[in-house]
Structure formats: structure tokens, C-alpha cells
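Notes for the one structure printed next.
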Amino acid sequence: MPVADTSQLISGVAERYASSLFELALEAGSVEAVGADLDRMQALIDGSDDLKRLIVSPVFSADDQFKAISAVVSQFGFSGLVGNFLKVVARNRRLFALPGIVKAFRLIAARHRGEITADVTSAHALTEAQKTELKATLKGVTGKDVAVNVTVDPSILGGLIVKVGSRQIDTSLRTKLSTLKLALKEVG
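To convert, take the position in the sequence shown, counting from 1, and add 13; that gives the numbering used here.
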């Protein structure tokens with residue numbers, strides 16, 4: 014299966030699971046709590062190579078994945094809805110889609126609140142004051158409340174890359190240096 018087909022499969026699976034979870038959370042009036050639990054789960058995945066391996070490796074049986082996820086749910090005290098959801102995902106052998114499910118849930122919840130999401134890449138972690146200022150600036154430009162997802166990528170050297178919908182603003186030092194390098198090649 015080509016890579017594009019694989020990511021499309023993951024995206025479709027992630028969106029279906031996220032949409033189902035969102036509907037359940039909305040009925041239960043716990044969208045924010047479910048979102049917080051999903052964010053905690055994503056932080057656990059990001060912080061543990063073993064957990065990453067568990068969710069992406071086809072080597073583990075469905076039973077092994079289910080037992081491991083059940084242990085994580087118990088140990089870290091996930092709410093009933095998220096705990097049961099994670100177990101269903103494990104039982105159905107869809108743990109590989111979990112990061113996509115978390116991202117899709119965030120987007121669906123933000124859309125429901127009337128927010129748009131901005132993906133921001135920075136060379137260094139942003140302070141709360143910087144995030145607040147960035148949100149205010151983006152709200153002024155878009156006219157909507159903006160949820161900001163910040164990713165740290167030291168390779169951009171400095172500045173920011175901001176993606177809102179189909180628009181991207183790249184003020185990274187890496188891009189500026191590349192542009193300068195191309196300009197110098199044309200001169201010389």
C-alpha cells in the first residue's frame with residue numbers, strides 16, 4: 014500500500030473514532046474532560062518509547078495491547094468514557110490511529126466551540142504570555158477565537174511558522190536564510 018493510501022486510511026479511521034467519541038462526550042456533557050484525558054494520553058505516548066512501540070507495532074497481539082492499555086487506564090485514572098474508549102480502540106487493533114484520533118477530536122471540539130486551530134512551529138517553547146499574545150493577534154486577523162497547537166522544532170533556528178486553515182505564514186530564520194542563499198546564488 015503506498016504511503017499516501019496508508020495515511021488516508023489512518024486519517025479516515027481517526028476521524029471516525031474521534032467523531033464517535035465526541036458525540037458520546039457531547040451527550041454526557043464532558044467534552045472538556047474527555048479532551049483533557051486525551052491530551053494526557055497523548056503526553057504519555059510522547060513521553061514513553063515503550064508506549065509508542067505498543068501502539069504502532071503489529072507485533073503485539075490484540076490481547077497484549079488490550080492488557081497494556083487497561084493497565085495504563087487504571088494506573089493513570091482515565092475517566093470512564095475515555096478509559097472504555099481506549100480499551101475499544103485497543104480491542105479493535107486501532108491503537109496505531111490514536112495520535113490522529115486525539116488531533117481529530119481537538120479539531121472537532123474546537124469547531125464545535127466556534128474556534129479555529131492554528132498549528133504553530135517554534136524553535137523554542139513559547140511562554141504563556143507569548144501564546145496569549147499570539148492568540149490575540151490571530152483572533153484580530155481571523156475574527157474568531159483561536160486554539161493554538163505549539164510544536165517545538167529547533168531546526169527552524171528562530172521565528173515562527175503559523176498555519177491557520179490553508180494559509181501559512183513562515184517567518185522562520187531557516188526560511189529567511191534559504192531565501193538569502195538563493196538570492197546570493199543568483200547574483201554570483
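For glycine and all other residues, C-beta sits at the position ideal for the given N, C-alpha and C.
Which residues bound the alpha helix (DSSP H) around residue i?
i: Leu190; result: 186-200
i: Leu173; result: It is not in any alpha helix (DSSP H) - Leu173 instead sits in the beta strand (DSSP E) that spans 173-177.
i: Ser135; result: Premise fails: Ser135 lies in the beta strand (DSSP E), 128-135, not in any alpha helix (DSSP H).
i: Asp183; result: From DSSP, Asp183 is part of no alpha helix (DSSP H) but of the beta strand (DSSP E) over 180-183.
i: Asn97; result: 93-104
i: Phe109; result: Unbroken run through Phe109: none, as it is neither H nor E.
i: Leu51; result: 44-60
i: Ile82; result: 75-89
Do residue j and residue i have their beta-carbon atoms positioned less than 7 Å apart in this structure?
i: Ala31; j: Phe118; result: yes
i: Arg53; j: Ala75; result: no
i: Val161; j: Lys148; result: yes
Tell me the rounded alpha-carbon separation between residue i and residue j.
i: Leu57; j: Val86; result: 11 Å
i: Leu94; j: Lys100; result: 10 Å
i: Ser191; j: His137; result: 20 Å
i: Asp183; j: Val175; result: 6 Å
i: Ala172; j: Asp77; result: In the sequence as displayed, the identity of residue 172 is Gly instead of Ala. Rounded to whole angstroms, Gly172 to Asp77 spans 44 Å at the Cα level.
i: Lys187; j: Leu197; result: The question names Lys, but residue 187 is Arg in the sequence shown. Cα-Cα distance, rounded: 15 Å.
i: Gly48; j: Lys194; result: 44 Å
Within 10 angstroms of its Cβ, does residue i collect 16 or more other Cβ (buried), or is it exposed?
i: Glu128; result: buried
Taking the beta strand (DSSP E) that residue i falls in, what are its first and last residues?
i: Thr164; result: 158-165
- Would you be able to state if there are at least three C-beta pairs under 8 Å between the region 136-155 and the region 36-55? no
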